[in-house]
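Numbering (the numbering used here), first residue to last: 925 to 1783. What follows is one structure encoded as structure tokens, with my remarks underneath.
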């Protein structure tokens, strides 16, 4: 059947349900990536005809003009409805509605507000990302302006009547990454799991609220359920990927951070834990786990995307007000790229991620944000270049230096159930025998794009075919010599589809200019400090602002929100105005905290340079943040030195602890570092927001703090440890949380000795008896006798507490007959404590002889 005849037959079949229009279009519903909206939403070129789609023997027609009114004109061949919900969320909608129709009104099964970066029909917005507009239809699924018939024709109808045999079906999901990068695999999760490997995408960690309660937002990727990606032996449930472009993802950075470049491993640490490898507590701004931008960014830095949690605060949010500093500020789980960009722009310690091309004409060229050059040191320790996403760094480098290119790439695809090339020639396919897509018109739409890519001809001065537009705004896969390995994304491999002519045309200026040739990508902008952060309006802040959109400097002058930030406020934490954040800033930081009149010159705003926790104020909590996460000695975080420096700068005890601890020991400079938990933390009713702000302190240093430190043992240099522990538990500044940090609290801060379980200042026989009584117990914590915090109460704890093993009954004297009898009692009962000799778990004469040796040695 020819396309013309097909159109006529559907017109006849439509009857009154369609209405008598000039032409009858076909619905193609697209859901997914926000990074690709420049093509799927904003470009007419996606509907430019490369194949003779409408059968009029003329190619070059535009079949989706920006016009959605009925009756439809003759060139309304496709009605393209696009939802920018994020790659993983689009995949989820494809899995849910790719083989069935949604027929309910907006918000029941399909919600328009999930489209954080907008929803459109033929490029005309019906949801802006914040409000409905234009052709929005509340009675249709997801507010879509149009439905299609459910009889297999996919003919577009404008009715909103659920009873008319109409509905909405997900035909295509646009993903910034291959489907396998979004498919979770059961098994033990690990931050370094690669796509397809056991445990990939399976991190069960959920988000917290800012107040330490559990929010519950999952970070897991998507389960394919009944579907599969086995394209080698496909069936009707097989998801196929159509490769489109490479989408470089930028590590965007606020100028206040003070970095221009960063190691791949450092980014990985930051986004897995909320802190850098050196312990510095920057703010990692993340998209939600359904984001393809987050997925491409994570895999590009060798991090399982389900572990790319950053601060891990809050539910998914599309609310721009939560980008603003203040009581509602939220750094994580942003529902769209614009939300990630807005949040990174406002927080002066923020690093985020977004599609790099979005910076042109926006945050990059406008001087709002910059992007970091990245050295691929995880992929290759010998890599030397801090690469930026220029067209050459993405597409042009040889075998000798492939790891010096830009690796953070999304190999963008269109996912669909069935293979579009399996369609007949009528729909642009080749009848290859694979399972076909349900909607042949969607297959036709995809084939029109991919065949224009296959036949790409260099030299056009104005983008015309879909391929030519894609080559100007993105990077065709064929343009790059290397592409990410699908099963090891942090590794680039030679591109089997590489075409020299495509690369030449992309890199040269004689033809249309690719967006990544823009000069802004080549070097860091050193002449901008970014914009004055925005705070939630209507609040009263520590600078005296009450309801107006401005900061009040210490000299009484104003800085209006979102205006150019003065260069002398460029670096967050730079209280002495030397252009850097260093330990030398501590004196002025504390002076500004303690003296509201303290001022060192024009534009001096502690609320801008010192609001580290994002609440819009500058107060003691920011001084704690400084000591806990920003005080670097020799390039590494040293909390002990940080808290000591703050106390010394402020005359001692800046955070207002009582004069003596519970043990009777006097407060000493730096002791506040040991206050990291509370009874609520121990009870599990409150959780420390470990990557975000140090919120566990309760003004008391005691058992809860010790037990919390014990629960967070780990080596910060080990990513598996760093992703789960709280570095605020590092009491001695060595970036390792271990028994020495317990000793630092018990001995150095509290002035007692290990084994003082009730912190009364002494170790008594009753405490030794407690250890003996709890022998073999796990999870009891320090107060239960696990003195060395190795997870089990045993003889090592008894000895660590100063006990003598020969004094078996813990009477406090030299071994005597009572101890001998006590041991015999435990030995005959096969009590774990009496198992003194190897092999463990076997009671025999060796244990008895071991005790005799202890007995004879005395105490």
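Where a beta carbon is used, it is the ideal one built from N, C-alpha and C, also for glycine. Bear in mind the structure is a predicted one, so any value in this text is a computation, not a measurement.
Going by the CB atoms, is the gap between residue 1302 and residue 1459 shorter than 8 angstroms?
For the purposes of this step, residue 1459 is taken as residue 535 along the chain shown, with counting starting at 1. For the purposes of this step, residue 1302 is taken as residue 378 along the chain shown, with counting starting at 1. It is not a contact, given that the beta carbons lie outside the stated cut-off.
Residue 1414 - containing beta strand (DSSP E), residue span:
Translated into positions along the chain shown, residue 1414 becomes position 490. Its beta strand (DSSP E) spans residues 1412 to 1418.
Using C-beta distances below 8 angstroms, list every residue in its chain close to residue 1355, excluding the 5 sequence neighbours before and after it, in chain order.
On the chain shown, position 431 is the one that residue 1355 refers to. Excluding positions up to five away in sequence, the list reads 1346, 1347, 1348, 1349.
So what's residue 945 in DSSP terms, helix, strand or just coil?
The residue you call residue 945 lines up with position 21 of the chain shown. In this prediction, residue 945 scores a pLDDT of 37, lower than 50, which makes its location untrustworthy; the coordinate-derived value is nonetheless stated afterwards. Of the three classes helix, strand and coil, the one that applies to residue 945 here is coil, per DSSP.
Any idea what DSSP makes of residue 964, helix, strand or coil?
The count along the chain shown starts at 1 and reaches residue 964 at position 40. DSSP places residue 964 in helix when its eight states are reduced to three.
Report all residues from its chain with a CB closer than 6 angstroms to the CB of residue 1463; omit the five preceding and five following residues, and keep chain order.
The sequence position of residue 1463 within the chain shown is 539, counting from 1. Taken in chain order, the residues that qualify are 1250.
Of the residues 1615, 1609, 1643, 1595, the one placed nearest residue 1623, counting alpha carbons only:
Mapped onto the chain shown, residue 1623 falls at position 699. Measuring from the Cα of residue 1623, the nearest candidate turns out to be 1595.
If we ignore side chains and look at the alpha-carbon of each, how far apart do residue 1017 and residue 1094 end up?
In the chain shown, the residue the question calls residue 1017 occupies position 93. In the chain shown, the residue the question calls residue 1094 occupies position 170. Distance between the alpha carbons of residue 1017 and residue 1094 is about 7 angstroms.
Going along the chain, which residues of its own chain have a beta-carbon closer than 7 angstroms to the beta-carbon of residue 1279, five neighbours each way excluded?
Indexing the chain shown from 1 puts residue 1279 at position 355. Only 959, 1171, 1173, 1217, 1261 meet the Cβ criterion.
Can you tell me the Cα-Cα spacing of residue 1187 and residue 1195, whole angstroms?
The sequence position of residue 1187 within the chain shown is 263, counting from 1. The sequence position of residue 1195 within the chain shown is 271, counting from 1. The straight-line gap from Cα to Cα measures roughly 13 angstroms.
Residues of its chain near residue 1772, where Cβ-Cβ distance is below 6 angstroms and the 5 sequence neighbours each way are ignored
In the chain shown, residue 1772 corresponds to position 848, counting from 1. Cβ neighbours of residue 1772 beyond the five flanking positions: none.
Residue 1657 to residue 1637 span [Cα, whole Å]
Residue numbering aside, residue 1657 sits at position 733 when the chain shown is read from its first letter. Residue numbering aside, residue 1637 sits at position 713 when the chain shown is read from its first letter. So the two alpha carbons sit approximately 14 angstroms from each other.
Contact between the segment 1439 to 1449 and the segment 1411 to 1422 is defined here as three or more beta-carbon pairs at a separation below 8 angstroms; is this criterion met?
no
Any 3 or more C-beta pairs closer than 8 angstroms across the segment 1623 to 1634 and the segment 1144 to 1151:
no
Just mark residue 1181 as buried or exposed, buried being the case when its beta carbon has 16 or more other beta carbons within 10 Å.
On the chain shown, position 257 is the one that residue 1181 refers to. By the 10 Å Cβ count, residue 1181 comes out buried.
Do we get a CB-CB distance below 8 angstroms when we pair residue 1110 with the residues of chain C?
Of the protein chains in this structure there is only one, and it is not chain C.
Under 8 angstroms by Cβ, that's how I've got residue 908 and residue 949 pegged, so tell me the actual separation to the nearest angstrom.
Residue 908 lies beyond the range of the chain shown here (925 to 1783); nothing can be said about it.
Let's test the definition: count the other Cβ atoms within 10 Å of the Cβ of residue 1741 and tell me whether it reaches 16, buried, or not, exposed.
Here residue 1741 is taken as the residue at index 817 of the chain shown, counted from 1. Classification for residue 1741: exposed.
Assuming residue 1466 contacts residue 1545 under a Cβ cut-off of 8 angstroms, what Cβ separation, rounded to an integer in Å, is found between them?
Working through the chain shown from its first residue, we reach residue 1466 at position 542. Working through the chain shown from its first residue, we reach residue 1545 at position 621. Contact flag wrong, Cβ pair sits at about 11 angstroms.
May I ask which residues mark the beginning and end of the alpha helix (DSSP H) holding residue 1426?
For this step, residue 1426 is matched to residue 502 along the chain shown. Counting along the chain, the alpha helix (DSSP H) containing residue 1426 begins and ends at 1424 to 1431.
Whole-number beta carbon distance between residue 1670 and residue 1677, since they are thought to touch under 8 angstroms
For this step, residue 1677 is matched to residue 753 along the chain shown. For this step, residue 1670 is matched to residue 746 along the chain shown. At roughly 7 angstroms, the Cβ-Cβ gap stays under 8 angstroms, so residue 1677 and residue 1670 are in contact.
Kindly indicate the opening and closing residues of the alpha helix (DSSP H) around residue 1407.
Reading the chain shown from its first residue, position 483 is the one you call residue 1407. That residue, residue 1407, is in no alpha helix (DSSP H); its beta strand (DSSP E) goes 1406 to 1409.
I want to know whether the segment 982 to 989 touches the segment 1023 to 1040 - three or more CB-CB distances under 8 angstroms.
no
When DSSP builds the beta bridges, which residues end up paired with residue 1056?
Position 132 of the chain shown, counted from the first residue, corresponds to residue 1056. Answer is 1051.
When the Cα of residue 1239 is compared with those of 1213, 1479, 1165, which residue comes out closest?
Numbered from its first residue, the chain shown carries residue 1239 at position 315. If we check each option's Cα against that of residue 1239, 1213 comes out closest.
Mind checking residue 1686: buried by the 16 CB within 10 Å criterion, or exposed?
Taking the first residue of the chain shown as position 1, residue 1686 is located at position 762. Residue 1686 comes out exposed.
Output the residue ranges of the beta strand (DSSP E) runs that lie fully inside the segment 1240 to 1300 and measure 3 residues or longer, sorted by chain position.
1274 to 1279, 1297 to 1299
So what's residue 1231 in DSSP terms, helix, strand or just coil?
As a working mapping, residue 1231 is identified with position 307 in the chain shown. It is helical.
For residue 1335, list the residues DSSP reports as bridge partners.
Mapped onto the chain shown, residue 1335 falls at position 411. Residue 1335 is bridged to 1170.
CA-to-CA distance, residue 1722 to residue 1255, given in whole angstroms:
Numbered from 1 along the chain shown, position 331 holds the residue referred to as residue 1255. Numbered from 1 along the chain shown, position 798 holds the residue referred to as residue 1722. Straight-line Cα distance between these residues: approximately 45 angstroms.
Report buried or exposed for residue 1649, applying the criterion of at least 16 other Cβ atoms within 10 angstroms of its Cβ.
Position 725 of the chain shown, counted from the start, is the residue given in the question as residue 1649. By the neighbour-count rule (16 or more Cβ atoms within 10 Å), residue 1649 is buried.
Quick one: using the 10 Å Cβ neighbour count with 16 as the cut-off for buried, is residue 942 buried or exposed?
Here residue 942 is taken as the residue at index 18 of the chain shown, counted from 1. Here residue 942 scores only 36 on pLDDT, less than 50, and its place in the model should not be relied on; the value that follows carries that caveat. Label assigned to residue 942: buried.
Nearest-angstrom Cα distance between residue 1625 and residue 1054?
Position 701 of the chain shown, counted from the first residue, corresponds to residue 1625. Position 130 of the chain shown, counted from the first residue, corresponds to residue 1054. Between residue 1625 and residue 1054, the C-alpha separation is close to 46 angstroms.
Return the CA-CA distance between residue 1734 and residue 1562, expressed in angstroms with no decimal places.
The residue you call residue 1734 lines up with position 810 of the chain shown. The residue you call residue 1562 lines up with position 638 of the chain shown. Approximately 40 angstroms, taken between the alpha carbons.
Output the distance between the C-alpha atoms of residue 1490 and residue 1663, rounded to the nearest integer angstrom.
Counting from 1 along the chain shown, the entry for residue 1490 is found at position 566. Counting from 1 along the chain shown, the entry for residue 1663 is found at position 739. Each residue's Cα considered, the two are about 46 angstroms apart.
Could you spell out where the alpha helix (DSSP H) holding residue 1749 opens and where it closes?
Walking along the chain shown from the start, residue 1749 turns up at place 825. Where residue 1749 is concerned, the enclosing alpha helix (DSSP H) stretches over 1741 to 1752.
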